[in-house]
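Visitor: Residue numbers (our numbering): 2 to 517.
See the structure below:
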């Protein structure tokens, strides 16, 4: 398969002007050529992934098992940590290619014994990726050039499922960016940590004048752009941009809806982490497919793997990174693998449930611990309802079981003194009491600005510095359940908890040092 065949389904390929098609091809060729010069064959990896899409589920699963077994044998030979306890004990006399013989690698070991996880095999110059710490303390992972190529291929290859070409004109809203990298990839960069109204106005002008095919950023930053567009223009009568790719944070259903309503964009969710690179990507039918040829995913509960259909901690094994082969690494998120395939025809299994940080627990007034993502479902009820639904941002801080401090960022500094304060306080109190118990009290503070994290990421909550001890844990499972459509352009979904999640990287938790 050559590049011409691979990219012939680029968005509006039959209708785009010759200049736009030439622009895509130029940036695509430049990027892939530079990567090849750096020893990262991204183009050939993308072509290989596209070929594997045509495999049946059984042959694809067999291919992934072969790649996993090869990585496990390599890791057992070349990773110093795996020659110590408990790995040496559990692997002694057993087949290292059998994943069932391997213990779970905890994140503490990844941080404290990182040097022992780096492969002792000689090879080309390696690169370190450092996480943004969205799932706890930061971790640093060493990648070899071929692994980086497969990682970037897994970033761009799923975009082909939607007809998006590498090199498509893009508005990129992210925490960091390099001018040369952005120019090479045909991106207009907007820093996510500074989304002031004038910067959002400039981003809307870019959408109007340059007509990019894609907006790419964290869910909160793209939602903030969409909400700004809604304030100044109202609902989009025609798409301002065709697609919005989001990752790096938890994605909530109300964010997806606002991006659709005010930008007119179809949302593509991506999930990944620094430890593994891209882990899952959304198909046109709305399912989040596990990229199993790059990373093997298991769901653990009570120290053991559970079958598809059950919820637990996500444990992942790299199939590509021989610079630092992480085997059964607990990455800090919660999920569930569907026992059923997606009817889109792709062979990759489906991640049916995804929640952010497993440690992000809040406590109801009765002492029941719940995942902080319940706030996403609660906020969905106030979308478009003044005054809370018109706020730029909101953030919940739990003080103790019954007391909350809630910060609300007004649409602008001029609006701060004109908000209906009584109505705002009533809505905030209603939301907190309805979610965490009628005994709860909420102190509402209207502020000019709620800062983002240094990485540009944003969460709607802050867990207590000193966690509130729960008396018990909620047992009702979270259900992501996507109701797959019948082949039409828009997927049909039911998100019973009102959210989708991503802890990704863009897809990754933090972008690699350089994409070019």
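Backbone N, C-alpha and C define an ideal beta-carbon position, used for all residues, glycine too.
Where do the ends of the alpha helix (DSSP H) carrying residue 143 lie?
Guide: What you label residue 143 is simply residue 142 of the chain shown in a count that begins at 1. It is not in any alpha helix (DSSP H) - residue 143 instead sits in the beta strand (DSSP E) that spans 141 to 144.
Visitor: Which stretch, first to last residue, makes up the alpha helix (DSSP H) that contains residue 321?
Guide: Numbered from its first residue, the chain shown carries residue 321 at position 320. Run containing residue 321: none; DSSP gives neither H nor E here.
Visitor: Identify the continuous alpha helix (DSSP H) that holds residue 103 and give its terminal residues.
Guide: Looking up residue 103 in the chain shown gives position 102. Unbroken run through residue 103: none, as it is neither H nor E.
Visitor: What whole-angstrom Cβ distance do residue 460 and residue 250 have, given they're in contact under 8 Å?
Guide: By one-based count along the chain shown, residue 460 stands at place 459. By one-based count along the chain shown, residue 250 stands at place 249. Their Cβ separation, rounded to whole angstroms, is 7 Å, which keeps residue 460 and residue 250 in contact under 8 Å.
Visitor: Is residue 425 helix, strand or coil when you go by DSSP?
Guide: Reading the chain shown from its first residue, position 424 is the one you call residue 425. Reduced to three states, the DSSP call for residue 425 is helix.
Visitor: Going by DSSP, what residues sit across from residue 272 in a beta bridge?
Guide: As a working note, residue 272 is residue 271 in the chain shown. In DSSP, residue 272 forms a bridge with 281.
Visitor: If I follow the unbroken beta strand (DSSP E) through residue 338, where does it start and stop?
Guide: For this step, residue 338 is matched to residue 337 along the chain shown. Residue 338 -> beta strand (DSSP E) spans 330 to 338.
Visitor: Please go through the same chain and pick out, in chain order, the residues whose beta-carbon is closer than 7 Å to the beta-carbon of residue 154, but skip the five residues on each side of it.
Guide: Residue mapping note: residue 154 aligns to position 153 of the chain shown, counting from 1. So the qualifying residues of the chain are 43, 46, 47 and 50.
Visitor: How would you call residue 20, buried or exposed, if buried means at least 16 neighbouring beta carbons within 10 angstroms?
Guide: On the chain shown, residue 20 is found 19 positions in, with the first residue counted as 1. Answer is exposed; the Cβ neighbour count stays below 16.
Visitor: In three-state DSSP terms, what is residue 185?
Guide: In the chain shown, the residue the question calls residue 185 occupies position 184. Helix at residue 185.
Visitor: Run through DSSP, which three-state label would residue 461 get?
Guide: Position 460 of the chain shown holds residue 461. Residue 461 falls in the coil class under three-state DSSP.
Visitor: Tell whether a beta-carbon distance below 8 Å holds between residue 185 and residue 32.
Guide: Within the chain shown, numbered from 1, the residue matching residue 185 stands at position 184. Within the chain shown, numbered from 1, the residue matching residue 32 stands at position 31. Contact flag set, yes.
Visitor: Is residue 414 buried or exposed, if buried means 16 or more other CB atoms sit within 10 Å of its CB?
Guide: Along the chain shown, one-based indexing puts residue 414 at 413. Low per-residue confidence applies at residue 414: pLDDT is 47, beneath 50, and the placement is therefore not dependable, though the value from the model is reported in the following sentence. Per the 10 Å Cβ criterion, exposed.
Visitor: Which residue spans inside the region 323 to 404 form an unbroken alpha helix (DSSP H) run of at least 4?
Guide: The region 323 to 404 contains these whole alpha helix (DSSP H) runs: 375 to 381.
Visitor: Of the choices 285, 299 and 281, whose alpha-carbon is the least far from that of residue 291?
Guide: As a first step, residue 291 is located in the chain shown; it is residue number 290 there, counting from the start. If we check each option's Cα against that of residue 291, 281 comes out closest.
Visitor: DSSP three-state label for residue 314, please.
Guide: For this step, residue 314 is matched to residue 313 along the chain shown. Strand.
Visitor: For residue 422, count neighbouring C-beta atoms within 10 Å of its own C-beta (all shown protein chains included) and say buried if the count is 16 or more, exposed if not.
Guide: Working through the chain shown from its first residue, we reach residue 422 at position 421. Residue 422 comes out exposed.
Visitor: Going straight from the alpha carbon of residue 22 to that of residue 365, what length do you get?
Guide: Here residue 22 refers to the residue found at position 21 of the chain shown. Here residue 365 refers to the residue found at position 364 of the chain shown. When rounded, the distance between both Cα atoms is 54 Å.
Visitor: Quick one: grab the DSSP three-state call for residue 208.
Guide: On the chain shown, position 207 is the one that residue 208 refers to. Three-state result, residue 208: helix.
Visitor: Consult DSSP for residue 407 and reduce its assignment to one of helix, strand or coil.
Guide: In the chain shown, counting from the first residue as 1, residue 407 sits at position 406. Strand.
Visitor: Taking all protein chains shown into account, do 16 or more other C-beta atoms lie within 10 angstroms of the C-beta of residue 124, making it buried, or fewer, making it exposed?
Guide: As a working mapping, residue 124 is identified with position 123 in the chain shown. By the neighbour-count rule (16 or more Cβ atoms within 10 Å), residue 124 is not buried but exposed.
Visitor: Quick check for students: name the residue ranges of the alpha helix (DSSP H) that lie wholly in the region 28 to 85, counting only runs of 4 or more.
Guide: List check, alpha helix (DSSP H) in window: 43 to 53 and 58 to 79.
Visitor: Would you grab the beta carbon distance between residue 113 and residue 331 for me? Rounded to a whole angstrom, and I think it's under 8 Å.
Guide: Counting from one through the chain shown, the residue named residue 113 turns up at place 112. Counting from one through the chain shown, the residue named residue 331 turns up at place 330. About 14 Å; that fails the 8 Å criterion.
Visitor: By how many angstroms is the C-alpha of residue 315 removed from the C-alpha of residue 64?
Guide: Your numbering for residue 64 matches position 63 in the chain shown. Your numbering for residue 315 matches position 314 in the chain shown. When rounded, the distance between both Cα atoms is 22 Å.
Visitor: Can you tell me the Cα-Cα spacing of residue 175 and residue 243, whole angstroms?
Guide: As a first step, residue 175 is located in the chain shown; it is residue number 174 there, counting from the start. As a first step, residue 243 is located in the chain shown; it is residue number 242 there, counting from the start. Straight-line Cα distance between these residues: approximately 19 Å.
Visitor: Label residue 58 either buried or exposed according to how many other C-beta atoms from any shown protein chain fall within 10 Å of its C-beta, with 16 as the threshold for buried.
Guide: Position 57 of the chain shown holds residue 58. By the 10 Å Cβ count, residue 58 comes out exposed.
Visitor: Whole angstroms is fine: what's the gap from residue 262's alpha carbon to residue 205's?
Guide: As a position in the chain shown, residue 262 is number 261, starting the count at 1. As a position in the chain shown, residue 205 is number 204, starting the count at 1. The alpha-carbon atoms of residue 262 and residue 205 are separated by roughly 15 Å.
Visitor: Per DSSP, what kind of secondary structure is residue 24 in: helix, strand or coil?
Guide: Against the chain shown, residue 24 aligns to sequence position 23. Helix, per DSSP.
Visitor: Any idea if residue 302 is buried or exposed, counting beta-carbon neighbours within 10 angstroms, 16 or more meaning buried?
Guide: Stepping through the chain shown from its first residue, residue 302 is reached at position 301. Exposed, since its Cβ has fewer than 16 Cβ neighbours within 10 Å.
Visitor: Going by CA-CA distance only, name the one from 163, 169, 455 and 62 that's closest to residue 18.
Guide: Sequence index remark: in the chain shown, residue 18 carries index 17 (1-based). Out of 163, 169, 455 and 62, 169 has the C-alpha closest to the C-alpha of residue 18.
Visitor: If you drop the 5 nearest sequence neighbours on each side, which residues of the same chain put their C-beta closer than 6 Å to that of residue 488?
Guide: Translated into the one-based positions of the chain shown, residue 488 becomes position 487. Only weak support exists for where residue 488 lies, its pLDDT of 32 falling under 50; the value from the coordinates is given anyway. Once the five neighbours on either side are set aside, residue 488 has no close Cβ partner at all.
Visitor: Are three or more beta carbon pairs between the region 446 to 462 and the region 184 to 203 nearer than 8 Å?
Guide: Yes, the region 446 to 462 is in contact with the region 184 to 203.
Visitor: Would you kindly work out how many angstroms separate the C-alpha atoms of residue 342 and residue 351, rounded to a whole number?
Guide: Start at 1 with the first residue of the chain shown, and residue 342 comes out as number 341. Start at 1 with the first residue of the chain shown, and residue 351 comes out as number 350. Their Cα atoms are separated by approximately 6 Å.
Visitor: What's the call for residue 344, buried or exposed, on a 16-neighbour Cβ count within 10 Å?
Guide: As a working note, residue 344 is residue 343 in the chain shown. So residue 344 ends up on the exposed side.
Visitor: Residue 367: which of 232, 189 and 441 sits nearest, CA to CA?
Guide: Taking the chain shown and counting its residues from 1, one reaches residue 367 at position 366. Here the closest residue by C-alpha is 441.
Visitor: Could you give the first and the last residue of the continuous beta strand (DSSP E) run that contains residue 450?
Guide: As a working note, residue 450 is residue 449 in the chain shown. Here residue 450 belongs to no beta strand (DSSP E), and DSSP marks it neither H nor E.
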